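**Q** My questions all concern the structure below.
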Amino acid sequence: MTDERPEVRDATAPGPITERLTVGQALVRFLAAQYTERDGVEQALFAGVFGIFGHGNVAGLGQALVQNEVDPAPGEARLKYYHARNEQAMVHAAVAFARTRNRLQTMACTASIGPGSTNMVTGAALATIDRIPVLLLPSDIFATRFPDPVLQQLEDPRSLDISVNDAFKPVSRFWDRINRPEQLIPSALAAMRVLTDPAETGAVTLCLPQDVQAEGYDWPVEFFRRRVWHVARPVPEPAALARAAAAIRAAKRPLLVAGGGVIYSEASAELAAFADATGIPVADTQAGKGAIAFDHPSAVGGVGSTGTAAANALAAEADLVIGVGTRYTDFTTASHTVFANRDVAFVNVNVLAFDAAKHAADMVVADAREGLRALTDALAGHRVDPAYEARATRLAAEWAAVTDECYHRGHGPLPAQTEVFGALNELMGDEDILINAAGSMPGDLQALWRARSPHQYHLEYGYSCMGYEIPAAMGAKLAAPEREVVAIVGDGTYQMMPAELATIVSENLKVIVVLLQNHGYASIGALSESVGSQRFGTRYRMRTDDTDLLDGPPVPLDLVANARSFGLDVIVAATIEEFRAAYATAAAAPRATVIHIETDLQGPNPPSSAWWDVPVAAESRLASTRTAHEAYLEAKKNQRHYL
Numbered sequence: 001m002t003d004e005r006p007e008v009r010d011a012t013a014p015g016p017i018t019e020r021l022t023v024g025q026a027l028v029r030f031l032a033a034q035y036t037e038r039d040g041v042e043q044a045l046f047a048g049v050f051g052i053f054g055h056g057n058v059a060g061l062g063q064a065l066v067q068n069e070v071d072p073a074p075g076e077a078r079l080k081y082y083h084a085r086n087e088q089a090m091v092h093a094a095v096a097f098a099r100t101r102n103r104l105q106t107m108a109c110t111a112s113i114g115p116g117s118t119n120m121v122t123g124a125a126l127a128t129i130d131r132i133p134v135l136l137l138p139s140d141i142f143a144t145r146f147p148d149p150v151l152q153q154l155e156d157p158r159s160l161d162i163s164v165n166d167a168f169k170p171v172s173r174f175w176d177r178i179n180r181p182e183q184l185i186p187s188a189l190a191a192m193r194v195l196t197d198p199a200e201t202g203a204v205t206l207c208l209p210q211d212v213q214a215e216g217y218d219w220p221v222e223f224f225r226r227r228v229w230h231v232a233r234p235v236p237e238p239a240a241l242a243r244a245a246a247a248i249r250a251a252k253r254p255l256l257v258a259g260g261g262v263i264y265s266e267a268s269a270e271l272a273a274f275a276d277a278t279g280i281p282v283a284d285t286q287a288g289k290g291a292i293a294f295d296h297p298s299a300v301g302g303v304g305s306t307g308t309a310a311a312n313a314l315a316a317e318a319d320l321v322i323g324v325g326t327r328y329t330d331f332t333t334a335s336h337t338v339f340a341n342r343d344v345a346f347v348n349v350n351v352l353a354f355d356a357a358k359h360a361a362d363m364v365v366a367d368a369r370e371g372l373r374a375l376t377d378a379l380a381g382h383r384v385d386p387a388y389e390a391r392a393t394r395l396a397a398e399w400a401a402v403t404d405e406c407y408h409r410g411h412g413p414l415p416a417q418t419e420v421f422g423a424l425n426e427l428m429g430d431e432d433i434l435i436n437a438a439g440s441m442p443g444d445l446q447a448l449w450r451a452r453s454p455h456q457y458h459l460e461y462g463y464s465c466m467g468y469e470i471p472a473a474m475g476a477k478l479a480a481p482e483r484e485v486v487a488i489v490g491d492g493t494y495q496m497m498p499a500e501l502a503t504i505v506s507e508n509l510k511v512i513v514v515l516l517q518n519h520g521y522a523s524i525g526a527l528s529e530s531v532g533s534q535r536f537g538t539r540y541r542m543r544t545d546d547t548d549l550l551d552g553p554p555v556p557l558d559l560v561a562n563a564r565s566f567g568l569d570v571i572v573a574a575t576i577e578e579f580r581a582a583y584a585t586a587a588a589a590p591r592a593t594v595i596h597i598e599t600d601l602q603g604p605n606p607p608s609s610a611w612w613d614v615p616v617a618a619e620s621r622l623a624s625t626r627t628a629h630e631a632y633l634e635a636k637k638n639q640r641h642y643l
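Residues 1 to 643 in the UniProt record's numbering are what the sequence shown spells out, letter by letter.
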């Protein structure tokens, strides 16, 4: 450590006041001085930096971060460093952190050049698809081109300006490469605009050549001043509001679909007030579950391919769909089949015009909270027919009975995963956080989970990324240390990305990981069977000498010992009763715990009430595939464009 401070030019001297810092040091100081404000509440935009160091960033951003922690300049805020184990995982953790903070606060992620940086591309895609702000700082090749090629550099004979970091362009909402120090100033400001824009947000990527990171420059001190980025709440344009209200008043069987935008805008109270005033039933997407409590009189549960029979029956009859904060993925529309009324129309309330325009809708480009408030006022005195309300209530009650059966079915010899979900649903508190992502579990959870608050249900299904759950549990716990965080993980996901368990332990984070082992891919196995592919390649089996196929006994992987090796407590449960006892122990424990339970690979799962378009081979010698293709062609007859 040194007592020397960078030279600051005298304020009375000609020209701007400057301070000499490296690009890495300037970026760290700048990030630490950024804040957001919404509804009068200010908070730091960046809560810290996840990083893994290599030759591309250890002397640049790495040096800047250690200096920030051990020898900060007077008045310089701390930008806390978190040592991740996998670059993709640290982006997932940053996404989960930002999502838990309703996109008002996030993390930055720094990686070395080459594989360290490209490991983050999947996380970038997830963030941008899910509309979640995260700042990525991949290190890059030498801007001076000395040396060239550097270790891990991609050489492209078409241009010496291309690096592997160009792969971030299609999956980033903003992308730039800082080839000279002074380029950082406009680029950093542009990056903050995108990170704090509720409509345009997603992954923001600033590529940092490793020589530029360590280069000194005289920075205007004004660059480091405290900046507050005001997160907008756009209000509806009056004419658009009038058109939407008129369409709703004219509808006989309207259905509201609540997406993640309702939760991010903190509009749950306004959604409940809208439903109370109008009696319009409310379905939800994966991102929107919990926007309205499951026991609200108007709540009918998830809609679409893995939705409830109640929501899907109402969707099939709806003459008007009111989408609030949703981008209408194929699971929400059941691949354009669930909204089956030939005269169905759409009204979309969305902060992003791109989403508001979907399905030839009447567009209301507005913040979800402000849009719902305005619609409720504009519809004063209007209510749907009591018979329609009663039908929605009856359908919801019928599905509640199905849920109860799935939660308590007494399946054996191994329990069904729906029974594990039922136990968790009953044991977790209203404000606890449930985390899950890809596989069969999101489908079961959307159909069955009874969310009691907008904070409880944290499913990543926009990118449906295996490996998200464990790092996401870390990010969510960092964002909400006072809340219990529970990640449900299948053995397939666990094998892809368990490494952040080490980070969870090193940061002393109390999370609960529920590890369901069924020796295969339950979701893709069932899908494989449905398309005539006979569950091929979906079970973890040993290759046998007599057939040369993966049809032997289960792979003898000891996941319990593996989890213990990271330093966590592990409890093994064999029955649902043992699982309940294990959860009570884990909830009372002061440190992270894994609960391991084996479940039935074959289900049973909740009854399906909608379709998902997965093309089936048109030609095959396999009878199973030919039969599946005939069923596929029949199902496709129900698809349509919503015009």
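Every residue, glycine too, gets a C-beta built ideally from N, C-alpha and C.
These numbers come from a predicted model, not from an experiment.
For the alpha helix (DSSP H) that contains R394, what are its first and last residues?
**A** Run containing R394: 386-407, per the alpha helix (DSSP H) assignment.
**Q** Of all the options D39, R38, R20, Q43, which has the alpha carbon lying nearest to the alpha carbon of L31?
**A** Ranking the options by Cα distance to L31, first place goes to Q43.
**Q** Can you name, in chain order, every residue of its own chain whose Cβ lies under 6 Å from the Cβ of A59, other than the five neighbours on each side?
**A** Closer than 6 Å at the Cβ level, and outside the excluded window around A59, lie A214.
**Q** Look up C109 in the DSSP assignment and give the residues it is bridged to.
**A** Answer by DSSP bridge pairing, in chain order: F50, L136.
**Q** Three or more C-beta pairs closer than 8 Å, one from the segment 347-359 and one from the segment 315-330: is that the case here?
**A** Segments in contact, yes.
**Q** Once you ignore the five residues that flank L256 on each side, which residues in its own chain have a CB closer than 6 Å to its CB?
**A** Excluding sequence neighbours, L256 sits near I280, V282, I322.
**Q** Between the Cα of F274 and the Cα atoms of E182, A250, V384, which residue gives the shortest distance?
**A** The candidate whose alpha carbon is nearest that of F274 is V384.
**Q** Across the segment 83-90 and the segment 39-58, are there enough close Cβ pairs to call them in contact, namely three or more that are closer than 8 Å?
**A** Contact between the segment 83-90 and the segment 39-58 is present, because at least three Cβ pairs lie under 8 Å.
**Q** Throw me the rounded Cβ distance for the A628 and G537 pair, which I believe falls under 8 Å.
**A** The pair is not a contact, with the Cβ atoms about 17 Å apart (cut-off 8 Å).
**Q** If we call anything under 9 Å between Cβ atoms a contact, is L478 one with F97?
**A** Yes. Within cutoff.
**Q** For a quick check, are the C-beta atoms of S440 and W611 less than 9 Å apart?
**A** Result no, Cβ atoms of S440 and W611 do not sit closer than 9 Å.
**Q** Using a threshold of 9 Å, state whether the C-beta atoms of residue 709 and A77 are closer than that.
**A** Only positions 1 to 643 of the chain appear in this structure, which leaves residue 709 out of reach.
**Q** Name the one or two DSSP bridge partners that E598 has.
**A** BP columns for E598 point to Q517.
**Q** Between the segment 386-400 and the segment 568-582, are three or more C-beta pairs nearer than 8 Å?
**A** Contact fails: fewer than three Cβ-Cβ distances are below 8 Å.
**Q** At 3 residues or longer, what runs of the beta strand (DSSP E) sit wholly inside the UniProt domain "Thiamine pyrophosphate enzyme central" (241-375)?
**A** Listed in chain order, the complete beta strand (DSSP E) runs (minimum 3 residues) inside the UniProt domain "Thiamine pyrophosphate enzyme central" (241-375) are 254-258, 282-284, 299-302, 320-324, 345-350, 362-365.
**Q** Quick one: what does DSSP say T544 is sitting in, helix, strand or coil?
**A** Of the three classes helix, strand and coil, the one that applies to T544 here is coil, per DSSP.
**Q** Go through its chain and collect everything with a Cβ distance to A480's Cβ below 7 Å, but skip five positions before and after it.
**A** Closer than 7 Å at Cβ, skipping near neighbours: T100, I433.
**Q** How is the beta strand (DSSP E) around H83 delimited, first residue to last?
**A** From DSSP, the beta strand (DSSP E) with H83 extends over 81-83.
**Q** List the residues that DSSP assigns as beta-bridge partners of H230.
**A** According to DSSP, H230 bridges with E37.
**Q** Given this structure, state the Cα-to-Cα distance separating T278 from L379, to the nearest angstrom.
**A** Spanning the two alpha carbons is a distance of roughly 8 Å.
**Q** Between M363, A316, A400, A592, which lies nearest to P238 when the distance is taken from Cα to Cα?
**A** When each option's Cα is compared against that of P238, the closest is M363.
**Q** Please classify R20: does DSSP put it in a helix, a strand, or coil?
**A** R20 falls in the strand class under three-state DSSP.
**Q** Select from V614, R233, Q34 the residue whose C-alpha is nearest the C-alpha of D330.
**A** Taking only the C-alpha atoms, the option nearest D330 is V614.
**Q** Work out the CA separation of Q153 and V303 for me, nearest whole Å.
**A** In a straight line, the C-alpha of V303 is about 46 Å away from that of Q153.
**Q** CB-CB under 8 Å to A472, same chain, minus the five flanking residues each way: which ones, in chain order?
**A** Excluding sequence neighbours, A472 sits near H92, A93, V95, A96, I435, A437, H458, E460, A487.
**Q** Specify, as a first and last residue, the run of the alpha helix (DSSP H) that I435 falls within.
**A** From DSSP, I435 is part of no alpha helix (DSSP H) but of the beta strand (DSSP E) over 433-436.
**Q** Over the uninterrupted beta strand (DSSP E) stretch that includes R177, give me the two end residues.
**A** Note, R177: beta strand (DSSP E), 174-177.
**Q** With DSSP run on the structure shown, which of helix, strand or coil describes G381?
**A** The answer is coil: DSSP assigns G381 none of H, G, I, E or B.
**Q** Considering only the beta carbon of each residue, do A361 and V338 sit closer than 9 Å?
**A** No, the Cβ-Cβ distance between A361 and V338 is not below 9 Å.
**Q** Identify whether G537 lies in helix, strand or coil by the three-state DSSP scheme.
**A** G537 falls in the coil class under three-state DSSP.
**Q** Are there 16 or more other CB atoms within 10 angstroms of the CB of S159, so buried, or fewer, so exposed?
**A** Under this definition S159 is an exposed residue.
**Q** Considering L45, what are the terminal residues of the alpha helix (DSSP H) in which it resides?
**A** No alpha helix (DSSP H) contains L45, which DSSP labels as neither H nor E.
**Q** Can you check whether the CB of D218 is closer than 9 Å to the CB of A258?
**A** Not a contact, by the Cβ cut-off of 9 Å.
**Q** On a Cα-Cα basis, can you pick out the residue from S464, G567, Y583, S139 that is closest to F421?
**A** Of the listed residues, the one whose Cα sits closest to F421 is Y583.
**Q** For Y583, does the three-state DSSP call read helix, strand or coil?
**A** Helix, per DSSP.
**Q** Does the segment 583-596 come within contact of the segment 519-533, defined as at least 3 CB pairs closer than 8 Å?
**A** Not touching, per the Cβ criterion.
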